[in-house]
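Respectively, the protein sequence lines represent chains F and Z.
Residue 87 in the numbering used here sits at position 87 of the first sequence, with consecutive numbering throughout.
Residue 178 in the numbering used here sits at position 38 of the second sequence, with consecutive numbering throughout.
C-beta: ideal position from N, C-alpha, C; glycine also.
This one's a predicted model, so the numbers in the text were calculated from it and none came from an experiment.
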Amino acid sequence: MTPHLAITDQPIDIAAALAAVQTDTAGAVNSFIGTVRNQSGGRPVRRLHYESYDSMALTQLGHVVAQAYEKWPMLQEVAVVHRKGTLELGDVAVVVAVATPHRAESFAACQFIIDTLKQVVTIWKREEYEDGTEWVAAHP
Amino acid sequence: MSLKVALFGITRDIVGTSVIELPAPAPATVGELLAEMRRQYPALGDLRSCAVAVNNEYATNDQPLHTVDEIALIPPVAGG
Chain F
1 MTPHLAITDQ
11 PIDIAAALAA
21 VQTDTAGAVN
31 SFIGTVRNQS
41 GGRPVRRLHY
51 ESYDSMALTQ
61 LGHVVAQAYE
71 KWPMLQEVAV
81 VHRKGTLELG
91 DVAVVVAVAT
101 PHRAESFAAC
111 QFIIDTLKQV
121 VTIWKREEYE
131 DGTEWVAAHP
Chain Z
141 MSLKVALFGI
151 TRDIVGTSVI
161 ELPAPAPATV
171 GELLAEMRRQ
181 YPALGDLRSC
191 AVAVNNEYAT
201 NDQPLHTVDE
211 IALIPPVAGG
């Protein structure tokens, strides 16, 4: 039941994250995979630069997963891996994987974890364009 | 009492360093720290939000600060 949480500067091994949540007590494994897309608000994006405050990011991620276990007591295993550093188009930025006995809770828990991660986990994203860069969501 | 404040993302760009040391007498609370940082770096006030973390947890404005605390400014996060 100990969640597998990591911030890494290496390419994310999706299969390893899925394997980490595999358990005989779960009939459903649900995952979210966030990837780098080629535009943002219509503006072409060349690549992304992620920065993390690792110790706090892992602390907050632990809180997010603990909340998920409270909301869905049947939740079995959880893995969250977030990449940092420079990512090219198509690269995997984040993987969330959860295992539950049945599928409905697996969708809900997976969505809760990625949605809440985006609100509280201390990771920042700088988009690189043809003509400069910008920190995402920094300004109103 | 002096304080060290870690800076990430756009706050590091605004301040121009990844750690800033505030000499004594340093702000005594989170709210005072934010006010002092905004006074020295007005561009921090243009951000959508700027939280303060103490020892890896989000802190409230009335929380007292200590030299031994790990303190950081937290601009709007954008993981995922």
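Report yes or no: is there a C-beta of chain Z within less than 8 Å of the C-beta of F/Ser40? no
Which residues of chain Z have a Cβ atom closer than 9 Å to the Cβ of F/His4, listed in chain order? Per Cβ cutoff of 9 Å: no residues; F/His4 is ~17 Å from chain Z at best.
Identity of the residue in Z/Gly220, Z/Val217, Z/Thr200, Z/Leu213 nearest Z/Val155 by Cα: Z/Leu213
Is the shortest distance between the beta-carbon of F/Thr59 and the beta-carbons of chain Z less than 8 Å? yes
Classify F/His63 as helix, strand or coil using the three-state DSSP reduction. helix
Coil, strand or helix - Z/Gln203 by DSSP: coil
Collapsed DSSP secondary structure at F/Phe107 in the structure displayed: helix
Extent of the continuous beta strand (DSSP E) run through Z/Glu210: First-last for Z/Glu210: undefined, no H or E at that position.
So Z/Asn201 contacts chain F; which residues on that side make the cut at Cβ distance below 7 Å? The premise fails here: Z/Asn201 is roughly 18 Å from chain F at the closest Cβ pair, so nothing lies under 7 Å.
First and last residue of the uninterrupted beta strand (DSSP E) at F/Leu48: 47-52
What is the residue span of the beta strand (DSSP E) that Z/Leu187 lies within? Run containing Z/Leu187: none; DSSP gives neither H nor E here.
Taking Z/Asp186 as the query, report the chain F residues whose CB atoms sit under 7 Å from its CB, ordered along the chain. His139
Give the straight-line distance between the Cα atoms of Z/Asn195 and F/Arg47, rounded to the nearest whole angstrom. 32 Å
Just reading off the beta strand (DSSP E) that F/Arg147 is part of, what are its end residues? The structure shown has nothing for residue 147 of chain F, since chain F only spans 1 to 140.
Using a cut-off of 7 Å between C-beta atoms, extract the partners of F/Ile114 located in chain Z. Gly220
Looking at the secondary structure, which residues open and close the alpha helix (DSSP H) in which F/Ile14 lies? 14-21
Flag Z/Gly149 as yes if its beta-carbon sits less than 8 Å from any beta-carbon of chain F, otherwise no. yes
Determine the chain Z residues that contact F/Glu51 at a beta-carbon separation under 8 Å, and present them in chain order. Phe148, Gly149
If I measure Cβ to Cβ from F/Asp91 and keep anything under 6 Å in the same chain, skipping five residues before and after, which residues do I get? Val36
Anything in chain F within Cβ reach of Z/Ile214, meaning under 9 Å, just list it in chain order. Tyr53, Met56, Thr122
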